[in-house]
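Numbering (our numbering), first residue to last: 53 to 381. Think of the CB as a built atom: it goes at the ideal place given N, C-alpha and C, for glycine as much as any other residue.
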């Protein structure tokens, strides 16, 4: 759905986690992508640690090279690959790890939506889509959304509510897909949506697992997934954990970024492929990084300030007197 993000030679800069990482050329990129895809397809039919180590190893290299590749629909799959291959001879433990990931995904995705900006945006959206519904009811539903989604994750914990949780998540995703189709954007999330709903119905709809079986962690590798999916996201509330890794999806919490230029002379110094994305509002010249990355590599920028500052540094290299400014919104 976003092939452009996997190539190093592209029109949106790589945002490496560390300086000095070797950047592959086009030929090496094609080779890595081919090996990755072949290993992944082989893994689908015969999960084993050799194929998974290739898949995970290449992906780790890719995200070290470019943090924008840490998208929810990518790393969630990688965690499930990890679970499937580390415990390929223990299906029960595989299911435990996959269920932990899904519980964490929906519980934390709901909890992160409890913030003023989400309520403002959601209420505004409802006023446009269903203006005929009384405002009091729209506001009640708006404030209930975080708890509804978080409860869908919690429903997966208990045998008596698991089927309700699976159906609730399926209906929620159906509404999301219908909204995106009507709006004409957001197709990038479709694969993860279908995948999550399929996994929930296929593995857990008739499951009778108790909370004890889900949260009784006896293996260090499954404990690592427990921390990543269930415990670490709480650190996001004190600014110590990335928004995407904390399952903060469509929550309004991540800050997005515009980079402003001092004058039209600065714009003239930029390469043509960058100038195409410069917006002009009276005497204000700026680039919205989400618009730039979305039209170039098919995903929004990884929403962390360190990434935005790297993009600013990249743009400043074209200017004689770098004086760009960052605006967060």
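Local conformation of residue i per DSSP, three classes
| i | result |
| --- | --- |
| residue 379 | strand |
| residue 312 | strand |
| residue 183 | coil |
| residue 59 | coil |
| residue 170 | helix |
| residue 70 | coil |
| residue 64 | coil |
| residue 352 | coil |
| residue 277 | helix |
| residue 196 | helix |
| residue 188 | helix |
| residue 175 | helix |
Residue i classed as buried or exposed, judged by whether at least 16 other C-beta atoms fall within 10 angstroms
| i | result |
| --- | --- |
| residue 358 | exposed |
| residue 80 | exposed |
| residue 220 | buried |
| residue 339 | buried |
| residue 187 | exposed |
| residue 67 | buried |
| residue 194 | buried |
| residue 355 | buried |
| residue 298 | buried |
| residue 201 | buried |
| residue 118 | buried |
| residue 78 | exposed |
| residue 231 | exposed |
| residue 147 | buried |
| residue 71 | exposed |
| residue 303 | buried |
| residue 142 | exposed |
Start and end residues, alpha helix (DSSP H) containing residue i
| i | result |
| --- | --- |
| residue 357 | 357–368 |
| residue 162 | 143–163 |
| residue 124 | 124–138 |
| residue 78 | 78–97 |
| residue 111 | 101–117 |
Requested in this report: Taking only runs that begin and end inside the stretch 231–273, name each unbroken alpha helix (DSSP H) of 4 or more residues, in chain order.
Outcome: 242–251 and 263–267
Requested in this report: With a floor of 3 residues, list each beta strand (DSSP E) that falls wholly inside the stretch 279–348, ordered by position along the chain.
Outcome: 309–313, 330–333 and 336–340
Query raised in the report: Can you list the alpha helix (DSSP H) stretches of 4 or more residues lying completely in the stretch 198–233, in chain order?
Result: none
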